[in-house]
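The next block holds one structure in the form of structure tokens; read it before the comments.
Residue numbers (the UniProt record's numbering): 1 to 183.
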């Protein structure tokens with residue numbers, strides 16, 4: 001994460017563009033599928049205020065530990081002040097907080113012969129698949145003030161079969177952006 005934070009492209013990277021950092025700063029983002037918090041950390045390092053939701057208790061504990069460790073380091077302590085970790089399913093809690101909702105459901109199993117990196121292989125074993133991922137999109141579209149951003153594998157179908165307002169496509173993944181308001 002240190003290399004990405006220092007040399008990752010800043011607001012020019014696809015994640016930042018998808019969130020809308022090229023148009024505004026200090027955006028309030030709700031990450032409804034926090035996982036290990038990597039994308040949330042990048043967003044917080046770019047000035048976003050991020051509320052992270054994780055429903056898997058083991059993953060939540062790992063993420064909580066990681067945030068505590070980041071608080072202890074002078075290089076990352078200030079970034080972590082913009083991150084709030086919550087346990088549970090974000091859609092089960094009433095909120096009017098986010099300008100942007102970020103969804104990064106577990107990617108479906110790939111038919112490629114190449115395996116994901118070791119840390120992601122372990123993560124897949126722990127979390128399995130997000131079988132209810134399609135159910136998050138309607139909630140997110142109703143809840144987000146400005147936009148919903150969904151991270152998907154580059155060639156995967158749209159979440160819930162809903163075509164986005166626009167897409168930002170990289171080498172291996174893409175960001176589907178659903179714009180709710182004039183943002």
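Beta carbons are placed, not taken as given, at the ideal position from N, Cα and C, and that holds for glycine.
{"Item": "Under three-state DSSP, which class holds residue 23?", "Value": "coil"}
{"Item": "As an exercise, report each continuous alpha helix (DSSP H) stretch of at least 4 residues that is fully enclosed by the stretch 11–62, in chain order.", "Value": "14–19 and 38–45"}
{"Item": "Are the CB atoms of residue 168 and residue 18 nearer to each other than 8 Å?", "Value": "yes"}
{"Item": "Measuring straight from C-alpha to C-alpha, what distance separates residue 89 and residue 12?", "Value": "31 Å"}
{"Item": "Quick one: what's got a C-beta closer than 8 Å to residue 180's C-beta in the same chain, skipping five residues either side?", "Value": "141, 144, 145, 146, 147 and 148"}
{"Item": "For residue 157, does the three-state DSSP call read helix, strand or coil?", "Value": "coil"}
{"Item": "Out of 118, 75, 166 and 105, which one is the CA nearest neighbour of residue 151?", "Value": "105"}
{"Item": "Give me the DSSP bridge partner(s) of residue 169.", "Value": "174"}
{"Item": "Looking at C-alpha atoms only, which residue of 163, 62 and 173 is the closest neighbour of residue 153?", "Value": "173"}
{"Item": "Do the CB positions of residue 78 and residue 51 come within less than 8 Å of each other?", "Value": "no"}
{"Item": "Taking the alpha carbon of residue 98 as the point to measure from, which residue in 42, 10, 160 and 49 has its own alpha carbon closest?", "Value": "49"}
{"Item": "Using CA atoms only, rank isn't needed, just tell me which of 134, 47 and 65 is closest to residue 23.", "Value": "47"}
{"Item": "Could you give the C-beta distance for residue 10 and residue 37, rounded to a whole number, given that I count them as a contact under 8 Å?", "Value": "Their Cβ separation, rounded to whole angstroms, is 19 Å, which puts residue 10 and residue 37 out of contact at 8 Å."}
{"Item": "Measuring straight from C-alpha to C-alpha, what distance separates residue 35 and residue 54?", "Value": "6 Å"}
{"Item": "If we call anything under 8 Å between Cβ atoms a contact, is residue 44 one with residue 82?", "Value": "yes"}
{"Item": "Measuring straight from C-alpha to C-alpha, what distance separates residue 165 and residue 158?", "Value": "12 Å"}
{"Item": "Quick one: what's got a C-beta closer than 6 Å to residue 107's C-beta in the same chain, skipping five residues either side?", "Value": "153"}
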